[in-house]
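Visitor: Read the sequence shown against UniProt numbering and you will find it ends at 254, with the numbers running on by one and no gaps.
For glycine and all other residues, C-beta sits at the position ideal for the given N, C-alpha and C.
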Amino acid sequence: MLTGKTRLSGQGDAAGPGARLRIPEGEHVIRYTTAHDQAYNRASCKFSIRVQVRRCPVLKPPQNGYISCTSDGNNYGATCEYLCDGGYERQGTSLRVCQSSQQWTGSQPLCAHQHRCQLGCQPAGPVPRETPPLRHLGPDPSNRYYKMQISMLQQAACGLELRHVTTVELVGQPPHEVGRIREHRLSLGIIEELRRFLHLTRSHFNAVLLDKAGTDRERYISPASPDELFVFIDTYLLSEREAARREQSGDPCE
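1. Is it the case that the Cβ atoms of Glu27 and Val53 are separated by a distance below 8 Å?
2. Just mark Ile181 as buried or exposed, buried being the case when its beta carbon has 16 or more other beta carbons within 10 Å.
3. Alpha carbon to alpha carbon, how far is Ile49 from Gly189? Give it in angstroms, no decimals.
4. Among Gln63, Ser71 and Gln149, whose alpha-carbon lies nearest the alpha-carbon of Arg55?
5. Where do the N-terminal and C-terminal ends of the beta strand (DSSP E) with Cys45 fall, by residue?
6. In angstroms, rounded to a whole number, what distance separates the CA positions of Val171 and Gln248?
7. Rounded to the nearest angstrom, what separates Leu209 and Cys45 at their Cα positions?
8. Do Gly77 and Cys98 have their C-beta atoms within less than 8 Å of each other?
9. Report yes if the C-beta distance between Pro62 and Leu95 is below 8 Å; otherwise report no.
10. Are residue 255 and Leu83 touching if we call contact CB-CB under 8 Å?
11. From the beta carbon of Ala156, is the nearest beta carbon of chain B less than 8 Å away?
12. Could you give the uninterrupted runs of the beta strand (DSSP E) lying entirely in the region 170-228, keeping only those of 3 residues or more?
13. Under three-state DSSP, which class holds Tyr88?
14. Can you look up Ala156 in the DSSP assignment and give me helix, strand or coil?
15. Hey, Gln154 and Ala207: beta-carbon distance below 8 Å or not?
16. Which two residues bound the contiguous alpha helix (DSSP H) that contains Arg243?
17. Distance, Cα to Cα, Glu183 vs Pro57?
18. Could you check what DSSP says for Leu59 in three-state terms: helix, strand or coil?
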């Protein structure tokens, strides 16, 4: 058994017995430049290795939809989630995983056009008709980004009320997914419609800031501070009259 310093394709040393190298995909030459055995006989040696990543065929997004994937997108263990554009609903599996056999689990779903009755369904809870800016959060109650964002929003309740901001939470994974506006719970159908319409994935934290007309104005992939939100709202979402009133009244929350 030889131990010692190793060199990968002439680039850099990894010193010590059992030194680990992060070897990228492709063909490489491993050289032991100062190897020795248990009797301390010095020697040098080299050998070639070939690193190959198991990959599945590249998935195509469905018509009227798109795909959100982890890792490199098609390597062994990667997970891809199918999402549909607003006005379309997914028919089929939502997640597919690249297996060691280099084949995907399941089959490609479709994004079918929704009927008007589905688009016009009423919320289970009392959702304001003229909704002020909204925050949509995910993916899981234990997610540190989610807990950090909720904590900051709770501490900034006065500033949110002053700007008529309503927080909408979408957290968890089916069948235990939860949606709520303050203490009011949303039905699973409304949760799914919101996620589909706003392109909100369940795989990682994301937040969307909407204006009163329901237009997507800003997105965040990490928690946004209250000051960051308030500056954006005061700068871009207030009418001239509202901005003048805010300037005259100052900030009663300070």
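Guide: So, from the data block:
1. For the purposes of this step, residue 27 is identified with residue 27 of the sequence shown, where counting begins at 1. For the purposes of this step, residue 53 is identified with residue 53 of the sequence shown, where counting begins at 1. No; because the gap between Cβ atoms is not below 8 Å, this pair is not in contact.
2. Walking along the sequence shown from the start, residue 181 turns up at place 181. By the 10 Å Cβ count, Ile181 comes out buried.
3. Numbered from its first residue, the sequence shown carries residue 189 at position 189. Numbered from its first residue, the sequence shown carries residue 49 at position 49. Taking the CA atoms as reference points, Gly189 sits about 52 Å from Ile49.
4. On the sequence shown, position 55 is the one that residue 55 refers to. Nearest of Gln63, Ser71 and Gln149 to Arg55, Cα basis: Ser71.
5. Residue numbering aside, residue 45 sits at position 45 when the sequence shown is read from its first letter. From DSSP, the beta strand (DSSP E) with Cys45 extends over Arg42 to Val51.
6. For the purposes of this step, residue 171 is taken as residue 171 along the sequence shown, with counting starting at 1. For the purposes of this step, residue 248 is taken as residue 248 along the sequence shown, with counting starting at 1. So the two alpha carbons sit approximately 38 Å from each other.
7. Along the sequence shown, one-based indexing puts residue 209 at 209. Along the sequence shown, one-based indexing puts residue 45 at 45. Between Leu209 and Cys45, the C-alpha separation is close to 60 Å.
8. For the purposes of this step, residue 77 is taken as residue 77 along the sequence shown, with counting starting at 1. For the purposes of this step, residue 98 is taken as residue 98 along the sequence shown, with counting starting at 1. It is a contact, given that the beta carbons lie within the stated cut-off.
9. Locating residue 62 in the sequence shown gives position 62, counting from the first residue. Locating residue 95 in the sequence shown gives position 95, counting from the first residue. For Pro62 and Leu95, no; Cβs fall outside 8 Å.
10. The displayed coordinates of the chain run from 1 to 254. Any statement about residue 255 would go beyond what the structure contains.
11. Here there is only one protein chain, and chain B is not present.
12. 178-181, 207-210 and 216-220
13. Within the sequence shown, the letter at position 88 stands for residue 88. Strand at Tyr88.
14. Against the sequence shown, residue 156 aligns to sequence position 156. Note: Ala156 maps to coil in three-state DSSP.
15. Residue numbering aside, residue 154 sits at position 154 when the sequence shown is read from its first letter. Residue numbering aside, residue 207 sits at position 207 when the sequence shown is read from its first letter. No, the Cβ-Cβ distance between Gln154 and Ala207 is not below 8 Å.
16. Translated into the one-based positions of the sequence shown, residue 243 becomes position 243. Checking the sequence, you will find Ala at residue 243 rather than Arg. It spans Glu240 to Ser249 - the alpha helix (DSSP H) in which Ala243 sits, taken as one unbroken run.
17. Stepping through the sequence shown from its first residue, residue 183 is reached at position 183. Stepping through the sequence shown from its first residue, residue 57 is reached at position 57. Each residue's alpha carbon lies about 45 Å from the other.
18. Taking the sequence shown and counting its residues from 1, the one referred to as residue 59 is at position 59. If DSSP states are grouped into helix, strand and coil, Leu59 belongs with coil.
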